[in-house]
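Engineer: Residue numbers (this note's numbering): 27 to 207. Virtual Cβ for every residue (Gly too), placed ideally from N, Cα, C. My questions will all concern the structure given below.
Take a look at the structure:
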């Protein structure tokens, strides 16, 4: 997108320190929240489809395999939403605690990234792959989810960084780090 001949309405300097690391942590948290919201949407799409799609004279939601997949999708969605909300809460309420923000943001990116892989696969299975067609909206959520999980670092990058933090602090510091959240 280009903005030619456009005047800025307001120009202000940002207050405080806004380093690359700070922007990356905020971006990771925001993307995790977006992933959680999109997973909620695909869970709803898959659930509604399962209730209305009929096979062998009954809705596919009545089949145990479909129920199991929807339960797994709900689990992935709930985990992603919870960890993303926790990261956002820490970012909002502990803006000066960079260690806590890093721990929460990295955990959120790792867990939501994992949920994207599992969740999109399940949703497309439940919809019988019609979600890849232009006629169905599922592909739009899937494409955005795949993109968002790589923005501001994917789950593998964050796992390496989080692992380095834990290794740097030693085994004795792991439990306090986990339980002070």
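#1: So, with DSSP's three-state summary, where would you put residue 155?
#2: To the nearest angstrom, how far is it from the Cα of residue 208 to the Cα of residue 131?
#3: What residues in its chain sit with their C-beta under 8 Å from that of residue 148, if we drop five residues either side in the sequence?
#4: Whole angstroms is fine: what's the gap from residue 63's alpha carbon to residue 30's?
#5: Who are residue 81's beta bridge partners in DSSP?
#6: Does the separation of the CB atoms of residue 114 and residue 206 fall below 8 Å?
#7: If we count the other Cβ atoms within 10 Å of its Cβ and call it buried at 16 or more, is residue 44 buried or exposed?
#8: What does the Cβ neighbour count give for residue 181, buried or exposed, with the cut at 16 atoms within 10 Å?
#9: Would the beta-carbon of residue 133 fall within 8 Å of that of residue 69?
#10: Thinking C-beta only, is residue 47 closer than 8 Å to residue 178?
#11: Distance check for residue 86 and residue 127, CA to CA, integer angstroms please.
#12: By the DSSP assignment, the alpha helix (DSSP H) with residue 163 in it spans what residues?
#13: Please check the pair residue 172 and residue 60, which I expect to be a contact at CB under 8 Å, by giving their CB distance rounded to whole angstroms.
Structural biologist: Per the coordinate set shown:
#1: coil
#2: The structure shown does not extend to residue 208, since the chain spans only 27 to 207, so no value can be given for it.
#3: 72, 95, 96, 98, 99, 102
#4: 34 Å
#5: 84
#6: no
#7: Result: exposed.
#8: buried
#9: no
#10: no
#11: 43 Å
#12: Element bounds for residue 163: n/a, residue is neither H nor E.
#13: Actually they are not in contact, since the Cβ atoms of residue 172 and residue 60 sit about 12 Å apart, beyond 8 Å.
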